[in-house]
Each structure stands twice: as structure tokens, then as C-alpha cells.
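**Student:** Using my numbering, read the sequence shown as starting at 335 and increasing by one per residue. Beta carbons are placed, not taken as given, at the ideal position from N, Cα and C, and that holds for glycine. As the structure is a prediction and not an experimental result, all values here were calculated from the model.
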Amino acid sequence: MQRRDFLKILSGAVLALILQPIGVLAAAWNKAAFETVKINDAKSNLTIGQETPSNDIDIVAPDRAENGAIVQIEITSRIPNTEEISVFVENNPTALIGHFVFSNGALPQLVTRIKMADTSDVKVIVKAGNNYYSAAKNVVVLENGCG
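Structure below.
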């Protein structure tokens with residue numbers, strides 16, 4: 335075997351090993367949940383059960399967003415054993431904004447920027463064990479962000 339052929343085979347094998355995890359992550363993508371218009375349909379696609387309102391979920395977002403194209407939100411869960419956080423905006427073209435999974439011991443806190451088409455509640459659902467908890471904050475959008 336020529337050295338050049340060996341290097342081609344080796345680089346192909348390394349590339350295949352590197353790209354394999356990307357395929358695994360893509361397989362876990364819940365496309366249907368992110369394409370639904372209604373919150374209840376997205377919750378169903380994520381197999382979210384009945385949630386209980388909780389004061390242990392903090393949502394920091396502006397009361398009034400000057401531009402719906404960039405609305406910064408910060409979410410913190412003080413619920414023990416938080417595994418997942420899902421973020422929904424009812425009056426958006428698609429209701430599910432983000433679904434975040436936390437590994438053991440990870441701090442259940444996130445900061446992100448979202449688009450909001452219109453004034454709406456930002457609803458957060460937290461999964462901890464087999465239970466679901468929710469909180470919401472209304473954000474008034476002064477300029478359309480999803481148009």
C-alpha cells in the first residue's frame with residue numbers, strides 16, 4: 335500500500351468518526367415540535383405532561399420590548415433535579431422557541447435572545463423527575479420581530 339493511499343483511508347476514517355456524533359444529534363432533533371403553531375401541539379410533540387404553576391422558575395425579560403426581533407430572556411430554575419427547560423411564545427409563527435436539556439449537576443439557567451411577533455406571554459415549562467412546572471411572563475412588543 336502506498337503512503338498516499340494509506341493517508342487517504344486514514345483521513346476518511348477520522349472524518350467518519352468526527353461526523354458520526356453530528357448525525358446522532360440530528361436524529362434527536364424534534365422537528366415536529368419546532369414546526370407547530372400552537373403551544374399544546376408543541377407540548378404534545380415533546381411529551382410534556384400536565385404542568386403545575388411554580389414560583390421557583392424565574393423569567394427575566396423586558397416588560398416592553400422596543401423591537402420584537404431581539405428580546406433577551408433569562409431563565410433560572412430553582413427546582414431540584416431540573417432536567418429540561420422548554421420556552422414557548424404563543425403569538426409567534428411557531429410556538430416552541432427552545433428546548434434545553436441539562437446534564438446531571440448542570441446549573442439550570444440560560445440566557446438567550448428570541449424573536450417575538452407580537453405581545454404575548456413567554457411561557458417556560460421545566461421538567462424535574464416525572465413532574466412538569468410552569469411560569470409565564472407577559473412581554474409587550476412595540477415593533478414586530480417575526481414579519
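Pull up the distance between the alpha-carbon of R447 and that of V475, whole angstroms please.
**Tutor:** The straight-line gap from Cα to Cα measures roughly 14 Å.
**Student:** Verify whether the separation of the beta carbon atoms of Y505 and I391 is less than 8 Å.
**Tutor:** Here the chain has residues from 335 to 481 only, and residue 505 is not among them.
**Student:** Could you tell me the boundaries of the beta strand (DSSP E) in which E417 lies?
**Tutor:** Segment T416 to V423, the beta strand (DSSP E) holding E417.
**Student:** Please report the residue range of the beta strand (DSSP E) in which I391 lies.
**Tutor:** Segment I391 to V394, the beta strand (DSSP E) holding I391.
**Student:** For I448, name the three-state secondary structure that DSSP assigns.
**Tutor:** Here I448 sits in strand by DSSP.
**Student:** Give me the Cβ distance between V458 and V421, rounded to the nearest whole Å; I'm assuming they're in contact under 8 Å.
**Tutor:** Rounded, the Cβ-Cβ distance is 6 Å, consistent with contact.
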